[in-house]
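Here the structure comes first, spelled out in C-alpha cells, and everything after it is commentary.
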Amino acid sequence: SSFSKPLSAIALITPLSGKSTFENDNICEVDAYPNAKVTWLRDGKALTTKEGVEMQAQADKGIYTLRIPQADTTKHMGTITCRAENAIGNIEHPVQLNITTGPTLKAQLKDTEVLRGQDAIFSVDVQGFPIPEIIWTRGDKVLEVETEKISLSEDRKQLTIHNIQIEDEDEYNVKIHNEFGEVTSKAKLSCLIPPSISPSTMDDITLQRGDESEHQFEIEGRPQVDITWLKNGKELKLTENPNYLFTSDKENNKELFKIIKADG
Numbered sequence: 001s002s003f004s005k006p007l008s009a010i011a012l013i014t015p016l017s018g019k020s021t022f023e024n025d026n027i028c029e030v031d032a033y034p035n036a037k038v039t040w041l042r043d044g045k046a047l048t049t050k051e052g053v054e055m056q057a058q059a060d061k062g063i064y065t066l067r068i069p070q071a072d073t074t075k076h077m078g079t080i081t082c083r084a085e086n087a088i089g090n091i092e093h094p095v096q097l098n099i100t101t102g103p104t105l106k107a108q109l110k111d112t113e114v115l116r117g118q119d120a121i122f123s124v125d126v127q128g129f130p131i132p133e134i135i136w137t138r139g140d141k142v143l144e145v146e147t148e149k150i151s152l153s154e155d156r157k158q159l160t161i162h163n164i165q166i167e168d169e170d171e172y173n174v175k176i177h178n179e180f181g182e183v184t185s186k187a188k189l190s191c192l193i194p195p196s197i198s199p200s201t202m203d204d205i206t207l208q209r210g211d212e213s214e215h216q217f218e219i220e221g222r223p224q225v226d227i228t229w230l231k232n233g234k235e236l237k238l239t240e241n242p243n244y245l246f247t248s249d250k251e252n253n254k255e256l257f258k259i260i261k262a263d264g
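In C-alpha cells:
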C-alpha cells in the first residue's frame, strides 16, 4: 500500500475564547487493495472521539479526514500520525501538531529545606508554544552563568544549587514567558544544620564546697536548637538551685553554665 497524497500541512492553531480551532482539516488519501484500515494516532496512541476529535472516512474514494473542532494543548498537541494497513503491509505519515498558547506551570515551586553541604534542586514542568523562555533569579540577580555554585539543565527547566551553605538562603524565582503570556513562581531555600556542641566532651572536675566554676559551649544548629541542661540524667531547671546560672548568647551560638557556689 502507499499514500497517493501525504497529509496536508497542519496550520498553527491560535487561541479562540480559551479554545482553538483548525484552519484546515487534515486529509489523508490512501490508495490500497485490499482496502486499508486507517487509524489516527497522537504520540503513538489511537485517537478516539473521547479526545474531542472527529474522524470521517470516504473508503470508496480512499479519503480519510481528521477534524479537531476545539483543539486543546493537553489532549491534542503532539505528533499526529495517519496509519494505513491491510494484509499486504502498512504505512504511516506523521506530522507535528503545535498549539500556540501562553506558558502554564503544572505545579508551583515549593519552599525547600536542605542539609548543609547537600544540593538543592528547583524544577518546573512547563507547557506552552512557542517554547517559552525560562529565567531563574535570586532576588534581582539573574542566574544564567553556570558556576561551582549553580548549574542549569540544557532546557533550563531545572536549577541546581550546589553545596548549600547558610549564605545561600534566599528566595529564588522563575519567570516563564513567550509571546502569548507569562507565569512566575517563587520559593524559599533554607539551610538545615544538625545540632552540634563544642567541646563535645569535658574532663571530670573536682570542686571544693563554695568553689565557683564556669563552663562555656558553642552550639550550632538550624533551625534554632532547644537547650536542656542535665544533672545525673535529670533536667536542671533554671529556678531549681540559686547557685546555678544559665546564660544564652543566641547571636554568637554561645551557652554558659556557671556554678556560683558549689554545694555538693
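Under full-length UniProt numbering, the residue at position 45 of the sequence shown is numbered 45, and the numbers go up by one with no gaps. No residue lacks a Cβ here, since even glycine has one placed at the ideal position from N, Cα and C.
What did DSSP end up calling residue i once you bin it into helix, strand or coil?
| i | result |
| --- | --- |
| residue 265 | This structure gives no information on residue 265, because the portion of the chain shown stretches from 1 to 264. |
| T73 | helix |
| I260 | coil |
Going by beta carbon distance, what residues of the same chain come within less than 7 Å of residue i, once the five residues before and after it are set aside?
| i | result |
| --- | --- |
| E218 | S198, N253, K254 |
| D170 | R138, G139, L189 |
| G78 | R42, D43, L97 |
| L143 | W136, T137, I150, L159 |
| K75 | E51, G52 |
| V225 | P195, I219 |
| Q108 | S185 |
Taking Cβ to Cβ, would you say residue i is nearer than 8 Å to residue j?
| i | j | result |
| --- | --- | --- |
| E113 | S196 | no |
| D119 | I161 | yes |
| T73 | I99 | yes |
| S185 | L105 | yes |
| L192 | R116 | yes |
| residue 281 | N173 | Past the edges of the chain, shown from 1 to 264, lies residue 281, and the structure says nothing about it. |
| T81 | P69 | no |
| P103 | G181 | yes |
| D111 | A187 | yes |
| S200 | I227 | no |
How is the beta strand (DSSP E) around residue i delimited, first residue to last?
| i | result |
| --- | --- |
| K175 | 170–178 |
| Q127 | 126–129 |
| L189 | 181–198 |
| E251 | No beta strand (DSSP E) holds E251; DSSP gives it neither H nor E. |
| Q58 | 54–58 |
| Q216 | 213–222 |
| V38 | 37–42 |
| R209 | Counting along the chain, R209 falls outside any beta strand (DSSP E), and DSSP gives it neither H nor E. |
| L47 | Careful: L47 lies outside any beta strand (DSSP E) and carries neither H nor E. |
| L236 | Note, L236: premise wrong, no beta strand (DSSP E); not H, not E. |
| T65 | 63–67 |
Residues in the same chain with beta-carbon distance under 6 Å from residue i, minus the five sequence neighbours each way, listed in chain order, please.
| i | result |
| --- | --- |
| K37 | E85 |
| I121 | T160 |
| A46 | T39 |
| I134 | R156, I176 |
| F22 | In this prediction, F22 has a pLDDT of 40, which is less than 50 and means its spatial position is unreliable; what the coordinates show is noted afterwards. The residues are I68. |
| E92 | T81, R83 |
| I166 | C191 |
Which residues in the same chain have their Cβ closer than 8 Å to the Cβ of residue i, if we skip the five residues on either side of it in sequence?
| i | result |
| --- | --- |
| I260 | E212, P242, N243, Y244, L245 |
| M202 | H215 |
| E146 | L152 |
| D168 | A120, K149, I161, L189, C191 |
Every unbroken beta strand (DSSP E) inside the region 74–160 [3 residues or more]: 78–85, 90–97, 101–105, 112–115, 120–123, 126–129, 133–138, 150–152
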